[in-house]
Amino acid sequence: MPPEPVAPSPESTAPARGGSPVEVFLAFLRLGLTSFGGPVAHLGYFRTEFVERRRWLDDRSFSDLVALCQFLPGPASSQVGMALGLSRAGWLGCLSAWLGFTLPSALALILVAYGVQHWAGLAASGLVQGLKVAAVAVVAQAVWGMSRSLCPDKPRAGLALLAALLTLVAPTATGQLAAIALAGVAGWWLLELPPQAPVAHVASGVSRTAGIAALALFAVLLLGLPLLSGLLDGRLPGQVEGFYRAGALVFGGGHVVLPLLQATVVPSGMVTDSGFLAGYGAAQAMPGPLFAFAAYLGAASSGPLGGWAGGLLFLAVIFLPGFLLVVGALPFWDSLRQRAAIQSALAGVNAGVVGLLLSALYDPVWTGTIHTRADFAVALAAFGLLVLARVSPLVVVLMCAAAGFAVLG
5 MPPEPVAPSP
15 ESTAPARGGS
25 PVEVFLAFLR
35 LGLTSFGGPV
45 AHLGYFRTEF
55 VERRRWLDDR
65 SFSDLVALCQ
75 FLPGPASSQV
85 GMALGLSRAG
95 WLGCLSAWLG
105 FTLPSALALI
115 LVAYGVQHWA
125 GLAASGLVQG
135 LKVAAVAVVA
145 QAVWGMSRSL
155 CPDKPRAGLA
165 LLAALLTLVA
175 PTATGQLAAI
185 ALAGVAGWWL
195 LELPPQAPVA
205 HVASGVSRTA
215 GIAALALFAV
225 LLLGLPLLSG
235 LLDGRLPGQV
245 EGFYRAGALV
255 FGGGHVVLPL
265 LQATVVPSGM
275 VTDSGFLAGY
285 GAAQAMPGPL
295 FAFAAYLGAA
305 SSGPLGGWAG
315 GLLFLAVIFL
325 PGFLLVVGAL
335 PFWDSLRQRA
345 AIQSALAGVN
355 AGVVGLLLSA
365 LYDPVWTGTI
375 HTRADFAVAL
385 AAFGLLVLAR
395 VSPLVVVLMC
405 AAAGFAVLG
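Residues 5 to 413 in my numbering are what the sequence shown spells out, letter by letter.
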């Protein structure tokens, strides 16, 4: 009697095809409502949902896709989601995955922006001060964790410190760009890394022609938007350019978007420094991607475009470069990731963004928040809960808000 067939394991199952955009949207909507904990946690949720439970792709293909999105600038977990939706249900599947994963937190943050704007005294309340203190602890945790993983040796630690010094001396968007660029060039020339082992490529359905077109559009917008904003009157073109640039240059983790956005929205008067930090603290309590913070900033904007329209516009703008990059890179990933010079340059850039975030931890996060011993005590306790006790960021943010209401008001 012949043996019964054995069900294939996730590692040997071929990626599934032929899903619908509605199926993709509902799957990612569930994750968008429940995925707390940041990008690393998001990727764990994705693996459980799409490799183990739904079996849309196998474990090796998922690992390869994660490696690609970690390699690229942009919101890594959202880029993985976009690529999964693309492979499952085409271009509409890609859009559905992004909408399902992003809209819950984005809509909640738009409502937070309305609350801060329309309730007198809320912006100066102890509750908002607690959210700002939570942001201090969360950014400090990000610097701590990223420095250990992205600056494991003296050369990269030195690059991080130089980038921090440069951005402290020149705390502008130009200074940040210069720090990232110089760190990348230094990494290209000075860092020697062991080559990565080749892995299987994800069959995404993106042609090389489509990939080249996406990369070309990414470059045209990155170079052309600053020129366009200089030619056009009004603040809106410059704001759009700043959000696009922030989405295009976030290496190493979503928290790096903090200094990039702050350089765009606070000096221009789009939002106040206090409102910026309060929104960033609130974003830590939301599920889904940290890039949804852009929806808060757009909704809280003093003009020329704010409210729901501003929130949704700037949300789309900050995610656009990450989408273009992942679509553009998918057809070329196998050869790209095995170039030693590219890996060294990326290592230098990642060290530079640690310095960028370290600089932001001082200004605006620390200088705009820590004014009393009570502020420092709550921030220190929150940092200990995050780093030593490994308490969920959601719980820590809620505790800081409660402490702010009770003590810091």
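Yeah, the Cβ is synthetic: ideal placement off N, Cα and C, and Gly gets one too.
As the structure is a computational prediction, the values presented were derived from the model and not from experiment.
Separation of residue j from residue i, as counted between CA atoms
i, j, result
"GLN180", "ARG34", "36 Å"
"GLY311", "ALA190", "42 Å"
"PRO77", "PHE255", "5 Å"
"GLY302", "PRO271", "15 Å"
"GLY251", "LEU61", "28 Å"
"ALA101", "LEU221", "22 Å"
"LEU317", "LEU37", "21 Å"
"GLY238", "GLY215", "34 Å"
"LEU72", "LEU135", "34 Å"
"PHE327", "PHE247", "14 Å"
"ARG394", "VAL401", "13 Å"
"PRO308", "LEU329", "29 Å"
"LEU90", "PHE50", "15 Å"
"PRO159", "PRO43", "27 Å"
"GLY372", "ARG249", "24 Å"
CB of residue i within 8 Å of CB of residue j, strictly
i, j, result
"ARG212", "PRO108", "no"
"ALA405", "LEU131", "yes"
"LEU365", "ALA144", "yes"
"ALA218", "GLY332", "yes"
"TRP192", "ALA355", "no"
"LEU392", "VAL147", "no"
"GLY359", "LEU165", "yes"
"ALA112", "LEU319", "no"
"PRO293", "SER67", "no"
"ALA383", "VAL137", "yes"
"ALA141", "PHE387", "yes"
"VAL261", "PHE297", "yes"
"ALA31", "SER39", "no"
"LEU170", "ALA185", "no"
Rounded distance between the beta-carbons of residue j and residue i, thought under 8 Å
i, j, result
"ALA286", "VAL116", "5 Å"
"LEU69", "VAL84", "6 Å"
"PRO397", "GLN288", "5 Å"
Residue burial classification, residue i (beta-carbon count within 10 angstroms, cutoff 16)
i, result
"PRO156", "exposed"
"ALA313", "exposed"
"VAL224", "exposed"
"GLU196", "exposed"
"GLY234", "exposed"
"THR268", "buried"
"ALA407", "buried"
"ALA87", "buried"
"GLY23", "buried"
"TRP337", "buried"
"ALA345", "exposed"
"VAL55", "buried"
Cut-off 7 Å between Cβ atoms - residues of its own chain near residue i, not counting five sequence neighbours on either side
i, result
"LEU232", "PRO241"
"MET290", "SER109, ALA112, LEU113, ALA296"
Cβ neighbours of residue i in the same chain (closer than 6 Å, five flanking residues each side left out)
i, result
"VAL244", "VAL321"
"PRO368", "GLN266, ASP277"
"SER415", "The chain is shown from 5 up to 413; residue 415 falls before or after that span and cannot be answered."
Own chain partners of residue i with C-beta closer than 8 Å, once the 5 adjacent residues on each side are dropped
i, result
"VAL26", "SER100"
"ALA11", "Caution applies to ALA11, whose pLDDT of 39 falls short of 50 and renders its modelled position unreliable; the model cannot decide the point."
"THR106", "GLY36, SER82, GLY292, PRO293, PHE295, ALA296, LEU319, PHE323"
"PRO175", "ALA267, SER363, ASP367"
"VAL275", "VAL269, GLY283, LEU301, ALA304, SER305, SER306"
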